[in-house]
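All you need for the numbering used here is the position in the sequence shown, starting with 1, plus 1014.
In this text, a Cβ means the ideal position worked out from N, Cα and C, and glycines have one as well.
Just so we're clear, the structure is a prediction, and the values are computed from it rather than from any experiment.
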Amino acid sequence: RIVEADLEDSDSVGRAVDHVDPTFVYVHGTGGDTRTLDEREFERAKVLAEVLSQAPSLEVVTYNSAYGPEGHGVKRIFQKQACETVLRDAGFPHFCALRA
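Encoded structure:
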């Protein structure tokens, strides 16, 4: 089942999570336009991590991150990797980052 939530509203995310009782969550991203930096993306990742970490049935979170060689200097990649860190550090039983 697919549900919608406002990632800037933890209550909205909580209602969505309660509605489906997830065991697996795939997070494509927490921002809008992938060509520009979204200043709120990191904050949305924190909201999502906080709410998902309370879901008792959740076993796996997969995040579509980004890869860049050390010293690449691409701000968009740094931003995706910062969101990856927030989600990875949330303490889910299993976490997978897809980096392309």
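- With a 10 Å radius around the Cβ and a threshold of 16 neighbouring Cβ atoms, C1110 comes out exposed.
- Taking the CA atoms as reference points, F1092 sits about 14 Å from L1101.
- Scanning its chain for C-beta atoms nearer than 7 Å, with the 5 sequence neighbours on each side dropped, one finds around L1072 the residues P1036, T1037, V1039, L1066 and F1106, in chain order.
- Under a 10 Å Cβ-count criterion, A1080 is classified as buried, with 16 or more other Cβ atoms of the shown protein chains found around its own Cβ.
- Between T1076 and A1059, the CB-CB gap reaches or exceeds 8 Å.
- Just measuring C-alpha positions, the residue of E1098, A1104, H1108 and D1103 sitting nearest H1042 is E1098.
- Each of L1051, K1089 and E1064 was checked against the Cα of L1021, and the nearest Cα belongs to E1064.
- When the Cα atoms are used, D1023 and R1090 turn out to be separated by approximately 23 Å.
- Here the C-alpha atom of L1112 lies approximately 11 Å from the C-alpha atom of K1094.
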